[in-house]
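Accompanying notes for the structure given below.
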Amino acid sequence: MSKSSHTVDFKGVLRAQGLKATPARLKVLKTLFQSGKPQSIQQILESLEAKESFKVTVYRVLADLKGTGIVRQVDFQQPHAYYELADPADHHHLVCVKCNRIEDFIGCDADNMADAALKKSTGFARVTGHSFELFGLCNRCA
Ligand SMILES: [Zn+2]
Ligand SMILES: [Zn+2]
């Protein structure tokens, strides 16, 4: 990934959200940044070459990062949750159901769908977020 050639001031990112720049938080952020793709907790542990016992810390770190919006959780309809750095551009994923290949795609029709849903709804005042991924077969698996 060409992304890894850039450096990001993750300490600044954490402090801007009122979080201390602990070594564990910095490690997890760096791993997510370098992978450039949503990662499961297991994958994060593997990239860090960390022991299984570090898992609890990674869970806690991800909860903090998610809570402040630095990281977002991606639902690939799999038993494990996936996490990636939040990105101001509205991007989603194409996921191969056979080999798990993941590709990003930018944008979706969420604003229009939210308007339409709110118009029909009697119980909701506003929409604050959305989750949307596409599943299929990649060229190699098709
Ligand atoms: Zn595939
Ligand atoms: Zn979207």
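Just so you know, we're using my numbering here: the sequence shown kicks off at 412 and counts up by one. Positions of the beta carbon are idealized from the N, C-alpha and C atoms, including for glycine.
1) Is any heavy atom in ligand 1 found nearer than 8 Å to the beta carbon of Lys448?
2) Does the Cβ-Cβ distance between Cys552 and Cys519 come in under 9 Å?
3) Evaluate the contact criterion for the region 462 to 476 versus the region 524 to 534: three or more CB pairs, one atom per stretch, below 8 Å.
4) In chain order, what residues place their C-beta within less than 5 Å of a heavy atom belonging to ligand 2?
5) Whole angstroms is fine: what's the gap from Lys441's alpha carbon to Asp522's?
6) Per DSSP, which one or two residues make a beta bridge with Glu544?
7) Quick one: is His504 buried, meaning 16 or more other Cβ sit within 10 Å of its Cβ, or exposed?
8) Only counting runs of 4 or more residues, tell me where the alpha helix (DSSP H) segments fall wholly within the region 480 to 536, in order along the chain.
9) Please tell me whether Asp486 and His502 are closer than 9 Å, where the distance is taken between their beta carbons.
In short:
1) Taking the first residue of the sequence shown as 1, we reach residue 448 at position 37. It does not: the Cβ of Lys448 is nowhere closer than 8 Å to a heavy atom of ligand 1.
2) Translated into the one-based positions of the sequence shown, residue 552 becomes position 141. Translated into the one-based positions of the sequence shown, residue 519 becomes position 108. It is not a contact, given that the beta carbons lie outside the stated cut-off.
3) no
4) Asp501, Cys519 and Ala521
5) Your numbering for residue 441 matches position 30 in the sequence shown. Your numbering for residue 522 matches position 111 in the sequence shown. Using only the alpha carbons, I get a separation of about 31 Å.
6) Along the sequence shown, read from residue 1 onward, the residue named residue 544 stands at position 133. In DSSP, Glu544 forms a bridge with His504.
7) As a working mapping, residue 504 is identified with position 93 in the sequence shown. By the neighbour-count rule (16 or more Cβ atoms within 10 Å), His504 is buried.
8) 521 to 531
9) Within the sequence shown, numbered from 1, the residue matching residue 486 stands at position 75. Within the sequence shown, numbered from 1, the residue matching residue 502 stands at position 91. For Asp486 and His502, no; Cβs fall outside 9 Å.
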